[in-house]
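Below is one structure, written out as structure tokens; the observations come after it.
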Amino acid sequence: MTEVQKTNQAEIKEIENNGYTVLYAVMRLNTNVSIQNPFTQEDESIKLANCAGYIPVFDNIEQAEKSADNGKYKIFAIQA
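Quick note on this note's numbering: the sequence shown kicks off at 2 and runs consecutively.
This is the structure:
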């Protein structure tokens with residue numbers, strides 16, 4: 002069980018009970034985006050311009066845990 006699951010279960014349930022969606026943010030600043038080139042079908046990594054980066058947000062805790070690099074980055078539940 003991850004830290005977000007242990008500490009925020011009541012908060013997560015409250016968000017869900019109020020009709021909101023719960024998303025999981027991994028506190029890691031990404032500066033590159035991976036895309037698949039539609040012409041060559043090859044994967045490419047593109048550095049973001051005019052932006053410091055982005056924080057990845059996932060639909061479920063399992064995806065967030067994979068992105069959190071074995072607990073290296075904290076996961077926060079957020080309402081959407």
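Where is the CB? At the ideal position from N, CA and C, for every residue including glycine.
Computed from a predicted structure; not experimentally measured.
*Asn33 to Asn18, Cα distance in whole Å?*
Start at 1 with the first residue of the sequence shown, and residue 33 comes out as number 32. Start at 1 with the first residue of the sequence shown, and residue 18 comes out as number 17. Approximately 36 angstroms between the Cα atoms of the pair.
*Quick one: is Ala50 buried, meaning 16 or more other Cβ sit within 10 Å of its Cβ, or exposed?*
Translated into the one-based positions of the sequence shown, residue 50 becomes position 49. Ala50 comes out exposed.
_Within a Cβ cutoff of 6 angstroms, which residues of the same chain sit near Asn38, ignoring the five residues on either side of it in sequence?_
As a working note, residue 38 is residue 37 in the sequence shown. Hits under 6 angstroms: Glu45.
*asked:* Under DSSP, the beta strand (DSSP E) around Gln42 begins and ends at which residues?
replied: Taking the first residue of the sequence shown as position 1, residue 42 is located at position 41. Run containing Gln42: none; DSSP gives neither H nor E here.
*Do you know how far the Cα of Val27 is from the Cα of Val58?*
Numbered from 1 along the sequence shown, position 57 holds the residue referred to as residue 58. Numbered from 1 along the sequence shown, position 26 holds the residue referred to as residue 27. About 6 angstroms.
*Say whether chain D places a C-beta atom closer than 8 angstroms to the C-beta of Met28.*
This model lacks chain D altogether; it includes just one protein chain.
*On the DSSP bridge assignment, give the partners of Ala78 in chain order.*
Within the sequence shown, the letter at position 77 stands for residue 78. Answer by DSSP bridge pairing, in chain order: Tyr25.
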